[in-house]
Amino acid sequence: MHAELARDPLSCCGRYEGNATRFPQLSQEQESAVRTYILFVSLLLAATVARIPSSYAGPTLDSADRYSVEIAVTATDSLQSVQLTIDYRAVPGAFVGAGSDVACTPNPDLRALAAFYRCDPTASSGCMTEGQLNAAMVLPEAVSGTLSLFTCTFESAGQTPTAEGFVVHLGESARMSNGRAIPVTATARITSVSSVTR
Numbered sequence: 003m004h005a006e007l008a009r010d011p012l013s014c015c016g017r018y019e020g021n022a023t024r025f026p027q028l029s030q031e032q033e034s035a036v037r038t039y040i041l042f043v044s045l046l047l048a049a050t051v052a053r054i055p056s057s058y059a060g061p062t063l064d065s066a067d068r069y070s071v072e073i074a075v076t077a078t079d080s081l082q083s084v085q086l087t088i089d090y091r092a093v094p095g096a097f098v099g100a101g102s103d104v105a106c107t108p109n110p111d112l113r114a115l116a117a118f119y120r121c122d123p124t125a126s127s128g129c130m131t132e133g134q135l136n137a138a139m140v141l142p143e144a145v146s147g148t149l150s151l152f153t154c155t156f157e158s159a160g161q162t163p164t165a166e167g168f169v170v171h172l173g174e175s176a177r178m179s180n181g182r183a184i185p186v187t188a189t190a191r192i193t194s195v196s197s198v199t200r
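Okay, so the sequence shown: first residue is 3 according to our numbering, each after it adds one.
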């Protein structure tokens with residue numbers, strides 16, 4: 003998947019026609035904005051993933067329980083792109099999976115293009131902050147109100163994590179206009195932490 007993105011960062015999301023990937027569900031203006039955003043996120047991930055040894059799978063917790071962590075955003079205006087960081091250093095445990103293989107799933111109802119990356123405490127990870135999960139999403143259509151963005155699987159041994167233990171930093175929230183990102187006022191938070199069966 004990562005090699006494919008490095009060759010054609012847009013190959014994951016549209017229909018390939020000739021020498022270009024097309025997005026038939028979008029207008030020309032939306033497609034231009036989405037292609038620019040995806041290209042930036044994909045190249046950033048490709049550069050970071052290349053620094054992680056393929057044998058590294060992240061820490062394994064013995065006798066650990068797993069939990070589904072849901073993240074939502076509330077926007078007062080039309081929203082099309084979100085970039086955020088989840089700081090879980092105060093929570094015992096870690097998100098399952100390493101690097102871009104972290105176990106996160108975007109809300110399928112949004113039809114969003116999403117990229118996730120979990121920082122790991124390894125010398126070659128290229129990520130400076132242990133206990134941090136980065137996420138970037140772009141939506142094909144503008145939406146507003148409170149939206150469930152994605153869920154991730156968290157693993158903890160001996161103590162049940164709570165929503166209050168996670169700190170969500172919203173780095174960017176915007177809508178697209180003439181190929182430009184216009185800032186939108188929004189807030190992001192953990193809406194639920196529920197136990198899941200392994």
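The beta carbon of each residue, even a glycine, is placed where N, CA and C say it ideally should be.
Can you give me the C-alpha to C-alpha distance between residue i and residue j, rounded to a whole angstrom?
| i | j | result |
| --- | --- | --- |
| His171 | Ile88 | 6 Å |
| Gly160 | Met178 | 45 Å |
| Gly147 | Ser83 | 14 Å |
| Ile184 | Thr76 | 16 Å |
| Thr164 | Val195 | 6 Å |
| Asn136 | Thr162 | 22 Å |
| Gly133 | Ala188 | 24 Å |
| Arg182 | Thr199 | 43 Å |
| Ala144 | Ser197 | 32 Å |
| Thr142 | Val93 | The question names Thr, but residue 142 is Pro in the sequence shown. Cα-Cα distance, rounded: 34 Å. |
| Glu174 | Ala117 | 14 Å |
| Phe168 | Val186 | 23 Å |
| Arg91 | Thr131 | 10 Å |
| Thr78 | Leu112 | 17 Å |
| Gly99 | Asn180 | 37 Å |
Just list the residues that DSSP pairs residue i with in beta bridges.
| i | result |
| --- | --- |
| Phe156 | Tyr69 and Phe97 |
| Asn136 | Thr87 and Tyr119 |
| Thr76 | Thr148 and Thr189 |
| Ser194 | Glu72 |
| Leu81 | Val145 |
Candidates the options: which alpha carbon is nearest residue i's?
| i | options | result |
| --- | --- | --- |
| Cys106 | Arg120, Thr76 and Ala77 | Arg120 |
| Phe97 | Ala144, Asp67 and Gln82 | Asp67 |
| Val104 | Thr153, Ala92, Ala190 and Thr131 | Thr153 |
| Ala114 | Gly167, Glu166, Ala138 and Gly101 | Ala138 |
| Glu166 | Leu141, Gly173, Thr193 and Ala116 | Thr193 |
| Gln85 | Gly95, Val140, Gly101 and Asn180 | Val140 |
Check whether the Cβ atoms of residue i and residue j sit closer than 9 Å, and answer yes or no.
| i | j | result |
| --- | --- | --- |
| Thr155 | Ser70 | yes |
| Leu151 | Pro110 | no |
| Ala190 | Ile73 | yes |
| Gly95 | Glu157 | yes |
Along the chain, where does the beta strand (DSSP E) that runs through residue i open and close?
| i | result |
| --- | --- |
| Arg177 | Val169 to Ser179 |
| Thr107 | Cys106 to Pro108 |
| Val186 | Taken as a continuous stretch (DSSP letters only), Val186 belongs to no beta strand (DSSP E), as it is neither H nor E. |
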